[in-house]
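S.K.: Here my numbering = 1-based position in the sequence shown + 193. Quick reminder that beta carbons are idealized off the backbone N, C-alpha and C, glycines included. One structure coming up, written as C-alpha cells, with questions to follow.
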Amino acid sequence: MYGLLTSPCPRAPLLRALPSPSARALPRTLAFPARPAPRGLRLSPPPRAAAEASAAATALGGLLSSPLSALEAGLRSVNLAPLRAPVAAAMSAAVRWLGVYREVLLVGVLLSWFPNIPWDRQPFSALRDLCDPFLALCREVMPPVFGRKLDLSPLVAFMAIDIIIMILRPQPRM
C-alpha cells in the first residue's frame, strides 16, 4: 500500500497520507447527484476557480479529492447578485425605522424633564409605551448615578441605535 491510511473495504481509499501515482485519480464517491440549478445561479465554475482548485490539488500532491475541489469551486461560483437588492432594501428600511425611533426617543427623553406632563393620557402614554422598554434595557447597562438623580440610560440608548445604524448603512465602494 502506498498510504498510511487505508480502507478495509475493496474500494480505493478516499484519503492517502502519501502521494502516489493513483492519488490524482481517486474515485468520485462523494459526488452529489445532479439537480437543476435555481434561477440566477451559474452551473459551471468560473475558469479561475477551477484553475485554483486544480492548482491546490496539485500542490498538495493529490491529497484533495476531486469531489471536494469541485464542491469548493461550485460554492465559489454561486452568484449572489439576485439577493443584493432585497437585502439592501431591508437594511435601508431598518435604518429608516431606527432613525424614526431615535427621534421618538429624543422627544420622550426631552418631555421627561417636565414633571407636570400627564403621562397617563394620550399621546404621552403611547410615547412612554414606546420609549420605556428600550430605556429600561439600557438602565440595566448604565444605572442612574448620584443617588438616582441623573439617568444616563438615554446616552447608552442613542449610542446603541447609532452603532446599529452604522452597521446596517451600506458603505460606499471605492
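Out of curiosity, what's the CA-to-CA distance linking N309 and A286?
M.R.: Against the sequence shown, residue 309 aligns to sequence position 116. Against the sequence shown, residue 286 aligns to sequence position 93. Cα to Cα, N309 sits roughly 36 angstroms from A286.
S.K.: Assuming P347 is part of the alpha helix (DSSP H), what are its boundary residues?
M.R.: For the purposes of this step, residue 347 is identified with residue 154 of the sequence shown, where counting begins at 1. Here the alpha helix (DSSP H) through P347 covers S346 to L361.
S.K.: Report yes or no: do three or more beta-carbon pairs, one from the segment 338-354 and one from the segment 290-307, lie closer than 8 angstroms?
M.R.: Remark: three or more beta-carbon pairs, one from each stretch, lie closer than 8 angstroms, so the segment 338-354 and the segment 290-307 are flagged as touching.
S.K.: Could you please give the first and the last residue of the uninterrupted alpha helix (DSSP H) stretch that includes W290?
M.R.: Numbered from its first residue, the sequence shown carries residue 290 at position 97. Residues A274 to L304.
S.K.: Relative to the C-alpha of R295, which residue among M284, P365 and F351 is closest?
M.R.: For the purposes of this step, residue 295 is identified with residue 102 of the sequence shown, where counting begins at 1. Comparing alpha carbon positions, the residue from M284, P365 and F351 closest to R295 is F351.
S.K.: Should L291 and I357 be called a contact, given that it needs their Cβ atoms to be closer than 8 angstroms?
M.R.: Taking the sequence shown and counting its residues from 1, one reaches residue 291 at position 98. Taking the sequence shown and counting its residues from 1, one reaches residue 357 at position 164. Their beta carbons are under 8 angstroms apart, which means L291 touches I357 by this criterion.
S.K.: Can you tell me whether L330 is buried or exposed, with buried defined as 16 or more other CB within 10 angstroms of its CB?
M.R.: What you label residue 330 is simply residue 137 of the sequence shown in a count that begins at 1. Burial call: exposed.
S.K.: Between the Cα of I354 and the Cα atoms of G340, F339 and L328, which residue gives the shortest distance?
M.R.: For this step, residue 354 is matched to residue 161 along the sequence shown. The option with the nearest alpha carbon to I354 is L328.
S.K.: Could you tell me the distance, in whole angstroms, from the CA atom of D322 to the CA atom of D313?
M.R.: Taking the first residue of the sequence shown as 1, we reach residue 322 at position 129. Taking the first residue of the sequence shown as 1, we reach residue 313 at position 120. Going by the C-alpha atoms only, they are around 10 angstroms apart.
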